[in-house]
Structure formats: structure tokens, C-alpha cells
Amino acid sequence: MKMAENYKTLEIKKISNAMGAMIKGVDLSSDLSETQFEEIRRALFEFGAIGFRDQTLDFDTQIAFAKRFGSLEVHPIVKGMEAHPEIIKMHKPAGHQASFGVGWHSDNSFFTEPSLGSILFAEKVPPIGGDTLFANQQLAYEHLSDGLKQTLEGLVAVHTAHDAYTSDTALEKYDTDGPIQYTRSHIIEDLTEHPAIISHPVTGKKALYLNPMFTSHFKGWSVEESRPLLDFLVQHGVRDDFQCRFTWQAGTVAIWDNRIVQHAALDDYPDHERIIYRITVNGEKLR
Ligand code: SIN
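Dropping the structure here:
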């Protein structure tokens, strides 16, 4: 794979032609210089999702690193760890079905200010399986016809957490002491609007901003009227040639930018345990 150029402090290798990169030469638990951190941030905006192997983060160093990207989210529905509410322990015990983050989505697109991105640290992973897929929504936008781009520029999409957080696998997580716990929140009933095409807040690059988990319909259109166009766009958005596939090892850190990518966790390791700690950085209103 080709090495990325224009980075002085990092060794960066793309993991697919569409997006994604693995970065070497940095210890995320250390006090990163401003130059090193700015290169990591730039790589995130260039590749959409970036990974680092063989890291040794504890909760405090994961939080300290995440805070360099911005303020941290305490999720209104998914309960964080007691001592660190901004960390969600994504625990899938052996013998259970994986259900958290399974299916294509952009984290918290149902917030009025959707999350900038997530920073995950893997503690325990299955010997095989449990990968995460990413799809580049800037590339998805670029591959639309001029006619459809023009139509979408005029459309606003409505997002809601309702279906995702009332599905059978979600209902099992309320008021339990299971490995992932949910708390009831009015946000599940909220309808939130975002442009169908967004401009990246930092680079200005345009991206499709629709996902099958949380996007319900286009503003001013009925759900039924919206369905055929949404179905086409969500399939288009995750075309194989827009994707990369991320394979975890214990000690791997992954970071992605929700304004650039959709992602999906795979549920293909029923007999194994997986423990990954997730911190999400607050985002801003999308335009
Ligand atoms: C998520 O944060 O959506 C889940 C990602 C994963 O478990 O791979």
C-alpha cells in the first residue's frame, strides 16, 4: 500500500483506495506535541477513519487524548461507566449476539449537533470476526449525477432515534444489569433536521449525510414518498468501492469522523467476547 505524503511525524498507510489509514510511530498515551496532534487530526479529515496498533491507553489517557479533539459526550441513552460517564464499555460477552452499532449509521445523527467522531480502544477482541466497516460519504456524494446532487442540495432530511432505540435488541438493554445498559430519554421521540448534503465543518468538502439507522424521511415529504429515494441513497452510500474494513487487535485504537463516514459493526463472532471502550467527541450543527 502507498504511504501518505506530507506528514512529518507520522507513518501513514492507506487501507483501501476509498478511505481509511493505519498510523505508526505514535504513542497515544504520551504527551503528544501540537505538531503530532495536528497531523493526527489532519489524517482523520483526510482518510475519514484512522487506526493505531499496540496502544496502551487506560481510562484517563483515553479521555485526555479524546479531549484534544473537543468536549466529550455523555450519551443521553447509552449508559457510560460509573466512574467515567463519557466512556461507553461496549461489551459483547461470549454466547451473546452483537447488537450495539450493528448496521450502517453515523453516530447520533439524531442530535441537533451530531457527534464529531468516536475514539475506540480495544481491550479484548475475538480471534476472528468483529470487524468494523466504514464507508466514505464524500466519495458517495462525488459519485452522484449532477442532477441528483442538485436535487439533494435542496433537501433536508429528518433523523430520529426512535426505531433504533425501540427495536427488540434495544428494548433488552433498558433497566437491566446487562453488559450494555440504556436509560429512557425523551430524545428518542425527537425529530431532528439536517441537510441531505453537508459541508465538512473544517475542510468544506461535501458529503452525503443520510443513514439507514436514523434517517426517517425528507422534510416536507411523507415517509412513503421518501422511501424509494432514501433506499437508493443509503445503498449507494455504502457501495463496496466506498468502503474500508477495519480489523481489531487488543491494543488497537480507531478514530472516525462521522461527518465523512458511516460505519457498521459486524455481528459474526457469537462464541467470543469483545470489549471495546468508546469515547465520543461532541460535534456542531451541520450545514
Ligand atoms: C459503534 O460505535 O457504532 C460500534 C463500533 C464497533 O463496535 O465496532
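Counting from 92, one number per residue, gives the positions in the sequence shown under my numbering.
Using N, Cα and C, we set each Cβ at its ideal position, and we do this for glycine too.
Because the structure is a prediction, the values reported are computed rather than measured.
Going by beta carbon distance, what residues of the same chain come within less than 7 Å of residue i, once the five residues before and after it are set aside?
i, result
"F317", "Note that residue 317 corresponds to Ser in the displayed sequence, not to Phe. Cβ neighbours of S317 beyond the five flanking positions: H308, F309."
"T274", "I168, K170"
"E177", "I154, L163, E164, V165, G171, I370"
"P292", "R350, E375"
"Q272", "K170, K264"
"L301", "A248, A287, L321, L324, V325, G328"
So what's residue i in DSSP terms, helix, strand or just coil?
i, result
"L148", "coil"
"K240", "helix"
"F309", "strand"
"K158", "helix"
"F202", "coil"
"L357", "coil"
"H166", "coil"
"T260", "helix"
"E364", "coil"
Under 6 Å Cβ to Cβ from residue i, same chain only, skipping five residues before and after it: list those, please.
i, result
"T251", "F201, L282, S307"
"L321", "none"
"K183", "A189, R365"
"R330", "none"
"L377", "H285, I289"
"P270", "H182, P184"
Under the assumption that residue i contacts residue j (Cβ atoms under 8 Å), give the Cβ distance between them as a whole number of angstroms.
i, j, result
"E280", "V247", "Contact flag wrong, Cβ pair sits at about 19 Å."
"G111", "F333", "Not a contact, Cβ separation roughly 11 Å."
Do residue i and residue j have their C-beta atoms within less than 8 Å of each other?
i, j, result
"P361", "Q127", "no"
"G113", "I367", "Note on identity: in this sequence residue 113 is Met, with Gly being the wrong assignment. Not in contact: M113 and I367 (Cβ atoms no closer than 8 Å)."
"F305", "H196", "yes"
"P194", "A355", "Correcting the residue type first, residue 194 is Gly in the shown sequence and not Pro. Cβ distance < 8 Å, so G194 and A355 count as in contact."
"L299", "Q228", "yes"
"L119", "V344", "yes"
"W347", "S209", "yes"
"A226", "V352", "yes"
"T152", "E130", "no"
From the DSSP output, which residues share a beta bridge with residue i?
i, result
"S290", "K297"
"T283", "H250"
"N227", "V352"
"Q334", "A226"
Excluding the 5 residues flanking residue i on each side, which residues of the same chain have their C-beta closer than 8 Å to its C-beta?
i, result
"E214", "A341, I366, I367, Y368"
"S124", "T100"
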